[in-house]
Structures are given as C-alpha cells and as structure tokens.
Amino acid sequence: MTERYGGLDGSFAAQLEQYAEAAKETMDLTFREVVIMVGRRLVTMSPVGNPDLWKVNVESQDKAGAQVDAYNAKAASINAAIAENSSNFTKSGNLKRGIKYRKPLTKREQLENYGYGAGVRRVGHGYVGGRFRSNWQLTTGSPAAGEIEDIESAGETLDRLVLAAGDLSAGEVAFIVNNLPYAIPLEYGHSSQAPGGMVRVTVADFQRIVEEAIRIHRA
73 MTERYGGLDG SFAAQLEQYA EAAKETMDLT FREVVIMVGR RLVTMSPVGN
123 PDLWKVNVES QDKAGAQVDA YNAKAASINA AIAENSSNFT KSGNLKRGIK
173 YRKPLTKREQ LENYGYGAGV RRVGHGYVGG RFRSNWQLTT GSPAAGEIED
223 IESAGETLDR LVLAAGDLSA GEVAFIVNNL PYAIPLEYGH SSQAPGGMVR
273 VTVADFQRIV EEAIRIHRA
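Structural data, given as structure tokens:
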C-alpha cells in the first residue's frame, strides 16, 4: 500500500505550497500598494510654501492697498468737486488753466510710492517652496532620521517612495515620516492649503485605501 501510493502526499503538499506562495505574493503586493497610496496622499496634500500667503506679507500688502485706495478715493473726491463747480470751466467746456483733474495711481506709482503690487514681499525674497513636500521618507524597521536638503518635484518624491516600497513584504512595519521642525504645525492647520492636515485626513480614509488596494490586487 505504501509503495503503491508513495509520492502522492508530496504532490499534494507541493500544490499547497504553490497556493501559499501565490497568496503571500498577493498579500505583499497589497501591502506595498497600501503604503504607496498612503505616501501618494501625503505628498500630494502637502502644502508648498508660498510667501505671498505669509501673514506678514499679507498684512503688509493689505496696508499698502488701503493707502492706494485712500489716495485714489481722495483723487476721485477732488475730481468730483472740480466737475461740480462750473467756474472751473471755460465757455467751451474745457478746464481753465491751472486746474487739473487728479489722476488715480498707475501700477508703477502704486509700487514705487507704496510698495503695493503682485509679488511684493516684506520677507521671503528668494524663497523656493517644496522642501516640506520633498521630506517625506519611507523606511522599514525604524523611522528615518534627519532631513532631506534637496527640493524635489512631487513626481520625484513619489518615485523615491515607490522605489523604497519595492521590497516590502506583508508583516513588515513601514514608516513614512517627515522630520522637518514645522511638520507638526503644518499638520495642525498652520497652512491654509491643508487646514485639516495630511496625516489625519489620510488616517480617516485609511480603510478605503486598504479596500482599494485589495481590489487592485485581488486574485
């Protein structure tokens, strides 16, 4: 009996092993997909610094704009008073010599006289945004330490995270961190571009992310 059926157990075991390997591969792919999707959410939601939106620059431009408006309003008032006084005009309807309407400020005059205009900043000259977005780092085993100095495009950062996720296996612990000192303030509403943060929004949507990753890699 043993000789007659010898080897069949081995064949069945091989089939089980093959199924287990296929299931493990699917689990690994799903895990990587989840990590990549989380990383993509964090990168795309990350605010990119814009000095035009910084409080000190907004307040400075608001003040300069108010001064420009006040000047133009005064000019309009003077012009209205001139127009209402018939003694300011000749019989032909022209303004008498020495009387002139006051012109509103040109954009050049607004800039030169009051420092008002697009791109005018009290602080942030030469600032290049994107460092926060570029500082998302993916590691396994332990969180990454330190900061990334290079400023990458969103695509470059995503490519780096995808590459780092390439060897992940189900059961490993993956860390996606941002070590910049202003990461916590940005997460808790410091930027108008991401008032609800990035991590908290992604965590709230995590179940849907997992379900989508499972759907993509379902056997």
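As numbered in the numbering used here, residues 73 to 291 make up the sequence shown, in order.
Beta carbons are placed, not taken as given, at the ideal position from N, Cα and C, and that holds for glycine.
These figures come from a predicted structure and were not determined experimentally.
Give me the DSSP bridge partner(s) of residue i.
{"i": "I248", "result": "L210"}
{"i": "L167", "result": "F161"}
Considering only residues of the same chain and omitting the five flanking positions on each side of residue i, which have a CB-CB separation below 8 Å?
{"i": "D81", "result": "Summary for D81: the model assigns pLDDT 45, below 50, so the residue's position carries little reliability, and this model does not support an answer."}
{"i": "M270", "result": "R113, L114, M117, S118, L258 and E259"}
{"i": "V275", "result": "none"}
{"i": "E224", "result": "G202, R205, S206 and R232"}
{"i": "S83", "result": "Low local confidence applies: a pLDDT of 49 at S83 is under 50, so the model's placement there is unreliable, with the coordinate-based value given in what follows. Answer for S83: no residue qualifies."}
With a threshold of 6 Å on Cβ separation, who are the neighbours of residue i within its own chain once the five nearest residues in sequence on each side are excluded?
{"i": "K175", "result": "none"}
{"i": "N250", "result": "N207 and W208"}
{"i": "T212", "result": "E244 and A246"}
{"i": "A136", "result": "Y186, G187 and Y188"}
From residue i to residue j, what distance separates their C-alpha atoms?
{"i": "G198", "j": "I154", "result": "46 Å"}
{"i": "R169", "j": "V192", "result": "39 Å"}
{"i": "G121", "j": "G261", "result": "14 Å"}
{"i": "E221", "j": "L252", "result": "10 Å"}
{"i": "K172", "j": "A138", "result": "24 Å"}
{"i": "H289", "j": "Q279", "result": "16 Å"}
{"i": "M73", "j": "S214", "result": "Bear in mind that the predicted position of M73 carries a pLDDT of just 43, short of 50, making it too unreliable to give a figure here."}
{"i": "A217", "j": "T229", "result": "17 Å"}
{"i": "N166", "j": "S149", "result": "19 Å"}
{"i": "Y143", "j": "N129", "result": "21 Å"}
{"i": "E97", "j": "E284", "result": "17 Å"}
{"i": "D277", "j": "G196", "result": "35 Å"}
{"i": "R272", "j": "A226", "result": "20 Å"}
{"i": "A242", "j": "D100", "result": "5 Å"}
{"i": "N160", "j": "K146", "result": "19 Å"}
{"i": "Q265", "j": "S164", "result": "59 Å"}
{"i": "D134", "j": "E219", "result": "35 Å"}
{"i": "I248", "j": "A237", "result": "11 Å"}
{"i": "E181", "j": "P123", "result": "23 Å"}
{"i": "S158", "j": "P267", "result": "58 Å"}
{"i": "R104", "j": "E93", "result": "16 Å"}
{"i": "A95", "j": "L210", "result": "25 Å"}
{"i": "L183", "j": "D141", "result": "13 Å"}
{"i": "K179", "j": "N151", "result": "20 Å"}
{"i": "Y254", "j": "W126", "result": "14 Å"}
{"i": "L240", "j": "A190", "result": "47 Å"}
{"i": "L177", "j": "I256", "result": "43 Å"}
If residue i sits next to residue j, beta carbons under 8 Å apart, how far is it from one beta carbon to the other, in whole angstroms?
{"i": "L233", "j": "I108", "result": "7 Å"}
Grab me the residues of residue i's own chain with a C-beta within less than 7 Å of its C-beta, minus the 5 sequence neighbours each way, in chain order.
{"i": "I281", "result": "V106, M109 and V110"}
{"i": "T162", "result": "K168"}
{"i": "I286", "result": "T102"}
{"i": "R194", "result": "V128, N129 and S132"}
{"i": "S263", "result": "P119"}
I want to check one thing, is the minimum distance from the CB of residue i to the heavy atoms of the ligand MG below 7 Å?
{"i": "K179", "result": "By its list of ligands, the structure shown contains no ligand whatsoever, and the ligand MG lies outside what it can speak to."}
List, from N- to C-terminal side, the beta strand (DSSP E) runs of 3 residues or more that fit wholly inside the segment 98-155. none
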